[in-house]
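Peer 1: Numbering follows the numbering used here, with no gaps: position 78 of the sequence shown is 1335. Structure incoming, see below.
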Amino acid sequence: MPAKHLGAEGWRKPWSGPNGGACVEVMKLSDGRVALRQSTDPDGPALIYTPLEIEKFIQGAKAGAADFLLTRAEPNLTTSAGTAAERRAA
């Protein structure tokens, strides 16, 4: 759904940080669903989630299920010093 159809009032930036103003904005809709949009494109698309979907996402994030998004993947290359995992363990 286009975010502009949801209006300009009520959007919040709970995850905003030192990222140059580009962040996710959220709005709780009157029926309990949650809309998400990109702050740099306020008239662009909004993703709409049910209360259960948002609950499961937040629970999963708190439990660490999304932690893989926070780390950079290292190529698993073997060198004379061993693999990246072996070098970190040393």
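Beta carbons: idealized from backbone N, C-alpha and C, even for Gly.
1. If you run the structure through DSSP and keep just helix, strand and coil, what is Lys1285?
2. Mapping DSSP to helix, strand and coil, what is Pro1308?
3. State yes or no: is the C-beta of Asp1300 within less than 8 Å of the C-beta of Lys1261?
4. Along the chain, where does the beta strand (DSSP E) that runs through Leu1293 open and close?
Peer 2: Answer, in terms of the structure:
1. strand
2. helix
3. yes
4. 1291-1295
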